[in-house]
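Quick notes on the structure that follows.
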Amino acid sequence: MMSSQPSFKRNREIIVSMPDLPAAARRQIAEIARTTLGIETLETRYADRLDFHDTAVWSIKAALEAVWLAGAAAGKEAARQDGAA
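Residues in the sequence shown are numbered consecutively from 1, following full-length UniProt numbering.
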């Protein structure tokens with residue numbers, strides 16, 4: 001029977017294929033992680049107690065919603081600027 005859990009290998013493939021984000025987007029994501037998840041930094045610190053977090057699903061949901069809304073707002077702003085050009 002196959003597990004419904006994504007494999008580490010598949011997660012790594014997804015992460016490696018992701019494009020680099022602009023610095024402003026990375027800062028906004030880090031701020032969302034701090035405010036909604038209580039995660040001080042998204043940088044790898046090579047210590048389990050610092051790199052792994054026990055987080056409630058409602059906090060994860062709030063963070064994902066905040067990131068989605070930030071992306072939607074950025075897309076609208078980019079479209080507005082393209083229309084004004």
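For each residue, glycine too, the CB sits at the ideal point set by N, CA and C.
Being a predicted model, the structure only gives us computed values, none of them experimental.
Bounding residues of the alpha helix (DSSP H) (the contiguous stretch that carries LEU37): By one-based count along the sequence shown, residue 37 stands at place 37. Per DSSP, LEU37 belongs to no alpha helix (DSSP H) and is neither H nor E.
Rounded C-alpha distance that separates MET1 from ASN11: Taking the first residue of the sequence shown as position 1, residue 1 is located at position 1. Taking the first residue of the sequence shown as position 1, residue 11 is located at position 11. Low confidence applies here, because MET1 scores a pLDDT of 49, under 50, leaving its location unreliable; read the following figure in that light. The alpha-carbon atoms of MET1 and ASN11 are separated by roughly 20 Å.
Which of helix, strand or coil DSSP assigns to GLU13: Here residue 13 refers to the residue found at position 13 when the sequence shown is read from its first residue. Residue state, collapsed to three classes: helix.
Where ARG26 falls: helix, strand or coil (DSSP): The residue you call residue 26 lines up with position 26 of the sequence shown. Note: ARG26 maps to helix in three-state DSSP.
Limits of the unbroken alpha helix (DSSP H) element including ASP48: Translated into positions along the sequence shown, residue 48 becomes position 48. ASP48 -> alpha helix (DSSP H) spans 48-51.
Of the residues ALA62, ILE39, SER59, TRP58, the one placed nearest ASP51, counting alpha carbons only: Here residue 51 corresponds to residue number 51 of the sequence shown, with the count starting at 1. Among ALA62, ILE39, SER59, TRP58, the Cα nearest to that of ASP51 is on ILE39.
Check whether THR41 and ALA24 have beta carbons under 8 Å apart: Taking the first residue of the sequence shown as 1, we reach residue 41 at position 41. Taking the first residue of the sequence shown as 1, we reach residue 24 at position 24. Cβ distance not < 8 Å, so THR41 and ALA24 don't count as in contact.
Straight-line Cα distance separating GLN28 from TYR46: Position 46 of the sequence shown holds residue 46. Position 28 of the sequence shown holds residue 28. So the two alpha carbons sit approximately 23 Å from each other.
Neighbour-count burial assignment, THR36, 16 or more Cβ in a 10 Å radius: Indexing the sequence shown from 1 puts residue 36 at position 36. THR36 is buried by the Cβ-count criterion.
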